[in-house]
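Colleague: Residues 2 to 100, numbered by the numbering used here, are exactly what the sequence shown covers, in order.
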Amino acid sequence: MQLGAGAVLARRSAGLVRLGQEAVVVPIYAARVSDLGPGDFVPIVCVCGHIQRLTAAMLITAGTARDCKVQDLASRTRCRECDEKGRAVISIRWVLSTE
């Protein structure tokens with residue numbers, strides 16, 4: 002995608018990349034912890050059925066780097082219920098702002 006002279010990367014927050022008036026949601030394979038904004042969370046679902054919802058602030062407090070890909074968290078997480086590691090399914094719930 003080639004950017005014209007008027008297209009400026011105005012903001013990267015809450016998983017949105019804004020180019021002019023157009024907003025594009027970052028796909029999960031490219032999303033990083035720094036892309037998560039206020040209200041966004043990462044639901045982690047274990048194979049045992051336990052669900053944990055983490056925000057960007059919770060992930061950073063736990064020691065996750067801001068540039069860590071969200072998809073890579075699946076292999077690094079351990080379930081609090083069954084103690085299994087790396088068997089979780091990760092997704093992202095974006096809150097789309099109407100700025």
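Here a beta-carbon is modelled for each residue, glycine too, at the ideal position from N, C-alpha and C.
Small disclaimer: the values here were computed from a predicted structure and weren't measured.
1) Report buried or exposed for D84, applying the criterion of at least 16 other Cβ atoms within 10 angstroms of its Cβ.
2) Counting C-beta neighbours from all protein chains within 10 Å, is the total for R67 16 or more, i.e. buried, or is it exposed?
3) In this structure, how does DSSP classify L37 when only helix, strand and coil are distinguished?
4) Where R33 and K70 are concerned, what is the direct C-alpha to C-alpha distance, given to the nearest angstrom?
5) Should A89 and I61 be called a contact, given that it needs their Cβ atoms to be closer than 8 angstroms?
6) Are there 16 or more other CB atoms within 10 angstroms of the CB of A57, so buried, or fewer, so exposed?
7) Grab me the residues of S92's own chain with a C-beta within less than 6 angstroms of its C-beta, minus the 5 sequence neighbours each way, in chain order.
8) With 16 as the cutoff for other CB atoms within 10 Å, does C49 come out buried or exposed?
Modeller: Well, looking at it:
1) exposed
2) exposed
3) coil
4) 4 angstroms
5) no
6) buried
7) P44
8) exposed
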